[in-house]
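Inspection log for the structure reproduced underneath, given as structure tokens.
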Amino acid sequence: MFGLSPDWLLHDGIPIADAMVLSHPEQLDRLRTACPEAVATAVLAGDPCFDRMLAARPYRERFRKAFGVRRGQRLVVLNSTWNPESLFGDGGGADVFPPLLPRLTAELPADEYRVAAVLHPNIWQGHGPGQIRAWLDRALRAGLVLVDPLHDWRQALLAADAVIGDHGSVSYYAAALGIPVLLGTTPSAGLDPLSPVAQFVDQAPQFDPHAPLADHLDGLIANHRPLPGPARLTTSAPGTSAALLRSLFYRLLNTPEPQRPALLEPLRLPPHQHPSPTAPLKVLTRVTTNPYAIHLARHSDPWYEPLGEGDVHLAVPEDTRDPGQLALADVLLREGAADDPRFGSPEQWTAEVLARHPYSSLAAYVTGPRTCTVRTRTGRLLRLTGEPDGLAPGASASALHAWLAAGRTIDRATKEGLTIRTDSTTHHVTVTVMP
């Protein structure tokens, strides 16, 4: 057993540590079996990492906003530990991670899902940040969030609606928090069959690489029942590890312990990671009446036409990697400050880009998390304003394009606004005519 064998704990038959911290009596039982000579050094002191997550649970919505999750979106977190049988793997043909990433960003509608990846620090150290980002470039351009592997992975778990991972500790912590977990890969050997991790691997739902991803995740979340093992065995002293550890440290130092409370550093609020994909988006829309609504699903960089009833159009950010897509775009997108001198005003940019691409129907300059300035092919200049934490402005621009393409008028849009549905979430967007 890794970490509990005599090879790790003894030197010439004597324990190398004065104290060995365990989080649960289950570990003490396994230590008695694996290395009884080290039992006298064992101290049950809980799990400070898990305690920090438990303390930060009330701030889940803040963490979701930090990772750019909007109302109606689910956050899917991929995580990988660092050995050859992990989700990231060793580059072999059986690796799950490389083909899964583009599928996640292409199959899952961009306004219904955010996808984030947590990679073990040893992956970053072994390959280097440049290589990691090169491997994940396509997914990053389609909206993937790469989570800081040291400071923010706990916050990503607290914000997550579902986790796809392997036998590493991040997946186990997710299960302990009650988050639905899909195992994308499991080790063929190396786990103690009596260990909590082995039991978790045996019981957790397995990822099916052939199943449609949205249906797979819907089923996972709808049928989720928290596994009792991870929640029970992660720590035997929830919320008290700081006090237990400090008492141990001062006892070893033979120094009186301070009277003030022992406290753990709270989890930081991660920097805001605003989604700004540069990959082309294929947008499936359907305009219905009684009551009227625009049904919309945007897919980042898909290899195929989105499935479903309705019309498909192409929305392309101006700074896309493939400029040839701009000539095919129905909707042209740009994001920036309204006073950015490089583009002039939003009014100037929209006029310039439509003149450059005569086959595009609409140009949208996104100036904030709720607003964008839109110019139609007829020259009408409009401002679209969404609800707080609602639909992304680029999606609102695509909804307006679908509205006009279906024969509806700008006058009605300005009077009633646009009602837009992304799956089961309804959004309202105000349309204002600009002078």
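Plus 12 on top of the position in the sequence shown (first one is 1) and you've got the numbering used here. Where is the CB? At the ideal position from N, CA and C, for every residue including glycine.
Alpha carbon to alpha carbon, how far is residue i from residue j?
i, j, result
"Ala106", "Leu112", "12 angstroms"
"Ala407", "Ala309", "9 angstroms"
"Pro405", "Thr442", "11 angstroms"
"Thr93", "Arg382", "37 angstroms"
"Gln218", "Asp178", "10 angstroms"
"Ala151", "Ser259", "47 angstroms"
"Ala201", "Val213", "12 angstroms"
"Glu73", "Gly80", "11 angstroms"
"Gly16", "Leu56", "Position check: residue 16 holds Leu in this sequence, whereas Gly was assumed. Near 15 angstroms, if we compare the C-alpha coordinates of Leu56 and Leu16."
"Arg272", "Ala249", "20 angstroms"
"Ala186", "Thr246", "11 angstroms"
"Ile233", "Leu239", "13 angstroms"
"Asp59", "Leu225", "34 angstroms"
"Tyr71", "Lys77", "10 angstroms"
"Glu269", "Ala54", "20 angstroms"
"Asp227", "Trp136", "32 angstroms"
"Pro208", "Gln39", "9 angstroms"
"Ile432", "Arg424", "15 angstroms"
"Thr297", "Ala223", "24 angstroms"
"Leu326", "Ser373", "10 angstroms"
"Glu97", "Leu87", "25 angstroms"
"Ser253", "Val182", "19 angstroms"
"Leu194", "Asp24", "43 angstroms"
"Phe75", "Glu49", "44 angstroms"
"Glu428", "Tyr304", "10 angstroms"
"Ser410", "Arg42", "58 angstroms"
"Ala216", "Leu203", "15 angstroms"
"Trp147", "Asn91", "15 angstroms"
"Ser312", "Val108", "20 angstroms"
"Pro110", "Glu317", "21 angstroms"
How would you call residue i, buried or exposed, if buried means at least 16 neighbouring beta carbons within 10 angstroms?
i, result
"Met446", "exposed"
"Ile26", "exposed"
"Thr421", "exposed"
"Asp19", "exposed"
"Leu412", "buried"
"Glu347", "buried"
"Val51", "exposed"
"Pro121", "buried"
"Trp315", "exposed"
"Arg387", "buried"
"Arg126", "buried"
"Asn266", "exposed"
"Ile28", "exposed"
"Ser436", "exposed"
"Gly104", "exposed"
"Leu396", "buried"
"Arg166", "buried"
"Ala339", "exposed"
"Pro358", "buried"
"Gly180", "buried"
"Asp342", "buried"
"Leu206", "exposed"
"Thr197", "buried"
Could you work out which residue in the options is closest to residue i when comparing CA atoms only?
i, options, result
"Ala153", "Ile432, Thr252, Pro242 and His286", "Looking at the sequence provided, one finds Arg at residue 153 rather than Ala. Measuring from the Cα of Arg153, the nearest candidate turns out to be His286."
"Gly391", "Pro370, Ala411 and Thr379", "Pro370"
"Ala188", "Ala243, His236 and Pro96", "Ala243"
"Pro199", "Gly101, Leu34, Gly356 and Thr385", "Gly101"
"Asp352", "Val365, Arg333, Thr379 and Asp342", "Thr379"
"Gly320", "Pro329, Phe75 and Val295", "Val295"
"Leu156", "Ile144, Arg166, His163 and Leu162", "Ile144"
"His163", "Leu87, Ser312, Thr197 and Met65", "Met65"
"Leu158", "Pro133, Gly190 and Gly196", "Pro133"
"Pro292", "Val324, Asn91 and Ser181", "Val324"
"His36", "Pro283, Pro303, Asp230 and Gly241", "Gly241"
Who are the Cβ neighbours of residue i in its own chain at under 7 angstroms, not counting the five residues just before and after it?
i, result
"Val89", "Ala128, Val130, Ala168, Leu169, Ala172 and Val175"
"Gly398", "Arg382, Pro405, Ser408, His439 and Val441"
Leaving aside the five residues before and after residue i along the sequence, list all residues of the same chain whose C-beta is less than 8 angstroms from its C-beta, in chain order.
i, result
"Asp123", "Arg82, Gly84, Gln85, Leu308, Ala309, Arg310, Leu403, Ala404, Ala407 and Thr434"
"Leu264", "Asp30 and Ala31"
"Gly138", "Trp94"
"Leu22", "Ile28, Cys47, Glu49 and Ala50"
Can you list, in chain order, the residues of its chain whose CB lies under 6 angstroms from that of residue i, leaving out five sequence neighbours each side?
i, result
"Thr426", "Val443 and Val445"
"His236", "Pro192"
"Asp160", "none"
"Thr290", "Arg153, Pro329, Asp331 and Thr332"
"Ala375", "Leu344, Thr362, Val365, Leu366 and Arg387"
"Gly336", "none"
"Gln211", "Gly241"
"Ala418", "Val299"
"Val33", "Val55 and Ala57"
"Leu229", "Ala174"
For a cutoff of 8 angstroms on Cβ pairs, would you count residue i as touching chain D?
i, result
"Gln271", "Chain labels in this structure do not include chain D; a single protein chain is all it has."
Are the stretch 276-283 and the stretch 114-121 touching, with three or more C-beta to C-beta distances below 8 angstroms? The stretch 276-283 vs the stretch 114-121: no contact.
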